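The structure appears below as structure tokens.
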Amino acid sequence: MHILLLKALNEQASGPHDDPYVQVLVKAGFTADLAETLDFTYHTAELARCQSWRDNHSAIVFTSPRAVTAYTKAGLKGQQSDLCFVVGPSTDVQAKKAGFSPKGAQAGDAETLSKVIVDNYANQLTKPVFFPASQIHRADLPQYLEKNGIKVDILIAYSSHENVALKDKVRLNLCEGNPIPDCIVFFSPSGVTLTESILKTELKPHRPKVKLVAMGRATASKLQEYDMNVAGVAASPRPESLLQVIQRLADDRWLFVSPTIKDGRLRMRYYAVC
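Mapping the sequence shown onto the numbering used here, position 85 (from 1) lands on 228, and the numbers just tick up by one.
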């Protein structure tokens, strides 16, 4: 089963083969490729002017690893005493490297994190929350916090733009003569938006059997806005969560034939169900 991931390359990865999602899928026996969706520009000058953000804010929120990268590129550091909230394990790792002791990593998306903050930390937030974010950040978190009496100061810490090779690589993956993906995984609403024309004019009419998977509810909602069927949704931004979805789809598509022993190892043979 061949999987195409539409996502920004992990910052620590030198190429698709180093991406943790690709590695987990390949280790589980799938083939996987990655089409980079976005490139990034960091607005370090704006962030550098926020050295004293703690004077006017009770907490800081990061909803992506890139936001933490922007923070550190601006020469800012976290402190163990800072009240810092993050979404997902990747952002959690980056925040810890920056010096923070983050909370909320178990939240799979910004909407869930906002509820964690209100339910558990509202009485500690006597001043606004500092929110370094992307220019295309979703409004769920600041809207929910402000609805519950917690002011949010948003600073655009980085901006994203389409990777110049994205559309060509996706089209190449859908052409005869190349391994056609059994499944395409979208990691963000922006990835859906950037490939809208391909989804509507090439994928849906000509490759209807390709299954679409979304990382999170927001991405699934964006696919549904474009009238695309969503075969699965990963509950959290973790490679293992995606693997669970892919394995379920694989179980629907493959039937077990027989085990064989080769080189002392048990190997399974499968055939496709059409």
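C-beta atoms are modelled at their ideal positions from N, C-alpha and C, and glycine is treated no differently. Treat the numbers as computed from the prediction; the structure is a model and nothing was measured.
Which of helix, strand or coil does DSSP assign to P285?
Residue state, collapsed to three classes: helix.
Can you give me the C-alpha to C-alpha distance between L168 and P382, rounded to a whole angstrom?
One C-alpha to the other measures close to 8 Å.
Quick one, are the C-beta atoms of H304 and T206 less than 8 Å apart?
No, these two residues do not count as a Cβ contact at 8 Å.
Taking only the alpha-carbon atoms, compute the straight-line gap between V416 and F173 and give it to the nearest angstrom.
Low local confidence applies: a pLDDT of 38 at V416 is under 50, so the model's placement there is unreliable, with the coordinate-based value given in what follows. Spanning the two alpha carbons is a distance of roughly 17 Å.
Taking only the alpha-carbon atoms, compute the straight-line gap between L385 and F329 and give it to the nearest angstrom.
Between L385 and F329, the C-alpha separation is close to 11 Å.
Could you give the uninterrupted runs of the beta strand (DSSP E) lying entirely in the region 207-231, keeping only those of 3 residues or more?
Runs found: 227-229.
Could you name each continuous alpha helix (DSSP H) segment of 4 residues or more that falls completely within the region 251-306, going from the start of the chain to the end?
As far as the region 251-306 is concerned, its whole alpha helix (DSSP H) runs of at least 4 residues are 253-264, 283-290.
Whose C-alpha, out of Q267, S257, G218, G334, is nearest the C-alpha of L226?
Per the Cα distances, Q267.
If I follow the unbroken beta strand (DSSP E) through K310, where does it start and stop?
Careful: K310 lies outside any beta strand (DSSP E), inside the alpha helix (DSSP H) at 309-316.
At the level of alpha carbons, what is the spacing between L147 and A238?
L147 and A238: Cα-Cα distance of roughly 29 Å.
Would you check if the distance between the CB atom of T180 and the CB atom of A210 is smaller than 8 Å?
Not in contact: T180 and A210 (Cβ atoms no closer than 8 Å).
Between N257 and the rest of its own chain, which residues show a CB-CB distance below 7 Å, the 5 nearest in sequence each way excluded?
Reading off the sequence shown, one finds Ser at residue 257, where the question assumed Asn. Closer than 7 Å at the Cβ level, and outside the excluded window around S257, lie D283, L284, Y287, L288.
Check whether the Cβ atoms of S277 and S302 lie closer than 8 Å to each other.
Taking 8 Å as the Cβ cut-off, S277 and S302 qualify as a contacting pair.
Regarding E179 and the ligand GDP, is the C-beta to nearest heavy atom distance less than 7 Å?
As for the ligand GDP, it is missing from this structure, which has no ligand bound.
Would you call Y214 buried or exposed, if buried means 16 or more other Cβ atoms sit within 10 Å of its Cβ?
It counts as buried.
Give the straight-line distance between the Cα atoms of Y164 and L309, rounded to the nearest whole angstrom.
Approximately 18 Å between the Cα atoms of the pair.
Less than 8 Å separating the beta-carbons of A378 and V356?
Cβ distance not < 8 Å, so A378 and V356 don't count as in contact.
With burial defined as no fewer than 16 other Cβ atoms inside 10 Å of the residue's Cβ, what is the status of C193: buried or exposed?
Buried, because 16 or more other Cβ atoms sit within 10 Å of the Cβ of C193.
Terminal residues of the continuous beta strand (DSSP E) containing T187?
Not the beta strand (DSSP E): T187 falls in the alpha helix (DSSP H), residues 187-191.
Helix, strand or coil: how does DSSP classify D176 here?
Looking at D176 - three-state DSSP - the assignment turns out to be strand.
Could you tell me the alpha carbon to alpha carbon distance between C367 and T336, rounded to whole angstroms?
The amino acid at residue 367 is misidentified as Cys; the sequence shows Gln. Each residue's Cα considered, the two are about 12 Å apart.
With a threshold of 8 Å on Cβ separation, who are the neighbours of A393 within its own chain once the five nearest residues in sequence on each side are excluded?
M144, F173, listed in sequence order.
What's the gap between the Cα of I293 and the Cα of P232?
Cα-Cα distance, rounded: 25 Å.
Between the Cα of D325 and those of Y369, A175, A156, spot the shortest distance and give me the residue it belongs to.
When each option's Cα is compared against that of D325, the closest is A175.
Under a Cβ-count criterion, where at least 16 other Cβ atoms within 10 Å of its own Cβ denotes burial, should H200 be classed as buried or exposed?
Looking at its Cβ environment, which holds 16 or more other Cβ atoms inside 10 Å, H200 is buried.
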